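Protein chains in written order, with our numbering: chain A, 3 to 93; chain B, -1 to 524.
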């Protein structure tokens, strides 16, 4: 039963969790990154690298033994980046 | 990767296997069509038969553009796209951006002119949201179909792009998990297939092809998912955050040359001279021209040149439309060079192998073919390990049908394209129809022949025969013969014909090759 629960948790983290964290991280980067000399780096880096963010987080979830730690990491990314995005959109 | 635990390796192997099994068939379709689409421009030149016109774009462009643009109302002069089709006709598209009530999206609207470049005669004039009608702006229905099938699997926007984006992510996941679970990567690069048709032989073949293609799989998955997700998801999301949802403002920031607004009327300088200067400065062919604010003091001419020697990306030269003055080369994104711009520029050449002519494209075709084999061999391996179960055996039969059926259907759509051109039918309708018709000779034998080996032989004969016949059908339906093609400098036509004939005879030889008898497994498979 416990094994099944951890399997379901890993599935949820690997699908919805990774997707949410990767998208919010991508959306927060224009605020976090410096725009660079051409003033576009903060847009172009997340535009291009969004699939890599997903791949990194997905691989991490597959390899991480401690589910609690992975949940904290994904949750942390989502909350921090979600707050930044929320402030940018609605402030 | 010796420091991974058995549980981690088992988990990654499960992810590798199941992701490949669930999405492998669609992934195979995207890889096969993408491998062919690497040579999309060459296929376009070949399929329309060529017209012998190899002159540069600059010769009559100024006269032709003026003739159709100057009588138009002011609203169409905001932006004018100009390019040459595979049939060497000129397309001039004066347009403005407006919301399409059918799709709800901002799209380009205006009259699209297809012109004879020599005489300036308008061959066709259509008005509307032009990019929704491929036959208005493309000469080759075959190129259009193959590229569309690769880009969005012929599924309507935006869902097709989202599906191919997910397939790109799957490819990345398969590449990364494959790399991590590889215990002997260097040795596997040179693994020799064990004889017979045992499970270990199938595994050896899969591992060998996959080892060489691991980095390539990641690269293609990454760049492919970027091209799929950027217009559908990432770009709109970033526009929300950085530009309050104004996607046009984001587009202008990234792609449009900066200019102070000045609506005073000014006569336009000679466009042909600007194109000549742009080609001479860059040392490569002109691919596309965009004229902003035609006939105004703030007019800008953007001329995109194909990548010159020793450079991976296209060059965007900017001219003052009124004076004809060369203002310099603008980065593809942004107004100044930047690391982000370099990264962006790399995406297309890395995805399409379009950076060192036929040589790099051929390498990409080779690696793409290896990736297609990796997908099919991986699926077969997965099924062979479960073949005692009837459901998996039937899935194995589906894999065989799709593996051979897709290339056969692509061949029949090419045949249909030539037959439609010869009979005056619409090739943009008959080419996809030919693809669907081509599935019948693929599925039927799969249902009727129970043994796999004769079924595969039949498919190889079908493929080989289809390849050998294609150049003959092309010439019989009015395409250039080899003498006329060589005389007109259309070497692409001859090259594609010869490649098809060689490929066809190789497939027929493969179909006739005696089967290697299976040997009992001396050792358990891994």
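Where is the CB? At the ideal position from N, CA and C, for every residue including glycine. Small disclaimer: the values here were computed from a predicted structure and weren't measured.
| field | Whole-angstrom distance between residue 118 of chain B and residue 323 of chain B, CA atom to CA atom | value | C-alpha separation (whole angstroms): 26 Å.
| request: Under 7 Å Cβ to Cβ from residue 326 of chain B, same chain only, skipping five residues before and after it: list those, please. | output: 316
| task | Under 8 Å Cβ to Cβ from residue 508 of chain B, same chain only, skipping five residues before and after it: list those, please. | result | 458, 462
| query | Do the CB positions of residue 171 of chain B and residue 30 of chain B come within less than 8 Å of each other? | reply | Not closer than 8 Å, so no.
| field | CB contact check: residue 11 of chain A to chain B, cutoff 8 Å | value | no
| task | Would you decide whether residue 523 of chain B is buried or exposed? Buried here means 16 or more other CB atoms lie within 10 Å of its CB. | result | Residue placement at residue 523 of chain B cannot be trusted, given a pLDDT of 48 that sits under 50; what the coordinates show is reported in the next sentence. Under this definition residue 523 of chain B is an exposed residue.
| field | residue 43 of chain B - containing alpha helix (DSSP H), residue span | value | 38 to 45
| message | Can you check which of these residues, B/284, B/319, B/437, is closest to residue 294 of chain B by C-alpha distance? | response | B/319
| request: Could you confirm whether any beta carbon from chain A is found closer than 8 Å to the beta carbon of residue 50 of chain B? | output: Caution applies to residue 50 of chain B, whose pLDDT of 49 falls short of 50 and renders its modelled position unreliable; the value that the coordinates give is listed next. False, the Cβ-Cβ gap to chain A never drops below 8 Å.
| If you run the structure through DSSP and keep just helix, strand and coil, what is residue 90 of chain B? | Assignment of residue 90 of chain B by DSSP, reduced to helix, strand and coil, places it in the strand class.
| task | Check the DSSP bridge columns for residue 296 of chain B and list the partner residues they point to. | result | Answer is none; residue 296 of chain B lacks a bridge partner.
| field | Range of the contiguous alpha helix (DSSP H) that encloses residue 152 of chain B | value | From DSSP, residue 152 of chain B is part of no alpha helix (DSSP H); its letter is neither H nor E.
| Rounded Cβ spacing between residue 288 of chain B and residue 77 of chain B (contact assumed at less than 8 Å) | 6 Å
| query | What does residue 61 of chain A touch in chain B if you count any residue whose Cβ is under 7 Å from its own? | reply | For residue 61 of chain A, the C-beta contacts it makes with chain B under 7 Å involve 174, in order along the chain.
| message | When you compare the CB of residue 332 of chain B with every CB in chain A, is at least one pair closer than 8 Å? | response | Yes, contact with chain A.
| task | Please check the pair residue 145 of chain B and residue 38 of chain B, which I expect to be a contact at CB under 8 Å, by giving their CB distance rounded to whole angstroms. | result | 5 Å
| task | For residue 249 of chain B, go through chain A and note every residue whose CB falls closer than 9 Å to its CB, in chain order. | result | Correct list: empty, because the minimum Cβ distance to chain A is about 11 Å.
| Run of the alpha helix (DSSP H) containing residue 310 of chain B, from where it starts to where it stops | Looking at the DSSP string, residue 310 of chain B is not in any alpha helix (DSSP H), and its letter there is neither H nor E.
| Whose Cβ in chain A lies nearer than 9 Å to the Cβ of residue 256 of chain B? | Going along chain A, no residue has its Cβ under 9 Å from residue 256 of chain B, so there is no contact; the nearest lies around 11 Å.
| Distance, Cα to Cα, residue 136 of chain B vs residue 253 of chain B? | 24 Å
| query | Who are the neighbours of residue 79 of chain A on chain B, taking C-beta pairs under 8 Å? | reply | Per Cβ cutoff of 8 Å: no residues; residue 79 of chain A is ~16 Å from chain B at best.
| Inter-stretch contact at 8 Å, needing at least 3 Cβ pairs: the segment 91 to 107 of chain B / the segment 118 to 127 of chain B | At 8 Å Cβ cutoff, the stretches touch.
| Contact set between residue 38 of chain A and chain B, taken where Cβ atoms lie within less than 8 Å | Against chain B, the beta carbon of residue 38 of chain A has neighbours under 8 Å at 336, 337, 338, listed in chain order.
| request: With residue 325 of chain B as the anchor, note down where its beta strand (DSSP E) starts and where it stops. | output: 324 to 328
| query | How many Å lie between residue 358 of chain B and residue 202 of chain B at the Cα? | reply | Whole-angstrom Cα-Cα distance: 27 Å.
| When Cβ atoms are compared, which residues of the segment 225 to 246 of chain B fall closer than 7 Å to chain A? | 227, 228, 232, 233, 235, 236, 238, 239, 240
| task | Just grab the DSSP bridge partners of residue 125 of chain B for me. | result | B/109
| Hey, residue 296 of chain B and residue 259 of chain B: beta-carbon distance below 8 Å or not? | yes
| request: Determine the extent of the alpha helix (DSSP H) in which residue 79 of chain B is found, giving its start and end residues. | output: Segment 77 to 82 is the beta strand (DSSP E) holding residue 79 of chain B; no alpha helix (DSSP H) there.
| said: On the DSSP bridge list, what partners appear for residue 317 of chain B? | reply: B/299, B/324
| task | Identify, in the order they occur along the chain, each residue of the same chain with its Cβ nearer than 7 Å to the Cβ of residue 1 of chain B, setting aside the five sequence neighbours on each side. | result | none
| Just how far apart, CA to CA, sit residue 152 of chain B and residue 130 of chain B? | Inter-residue distance for residue 152 of chain B and residue 130 of chain B is about 13 Å (C-alpha atoms, whole angstroms).
| field | For residue 54 of chain A and residue 166 of chain B, the rounded distance between their alpha carbons | value | 11 Å
| said: Excluding the 5 residues flanking residue 430 of chain B on each side, which residues of the same chain have their C-beta closer than 6 Å to its C-beta? | reply: The answer, listed in chain order, is 143.
| field | residue 527 of chain B vs residue 55 of chain B beta-carbon contact at 8 Å | value | Here chain B has residues from -1 to 524 only, and residue 527 of chain B is not among them.
| query | Are the C-beta atoms of residue 524 of chain B and some chain A residue less than 8 Å apart? | reply | Residue confidence is low: residue 524 of chain B scores 46 on pLDDT, short of 50, so the model does not pin down where it sits. No coordinate-derived value is stated.
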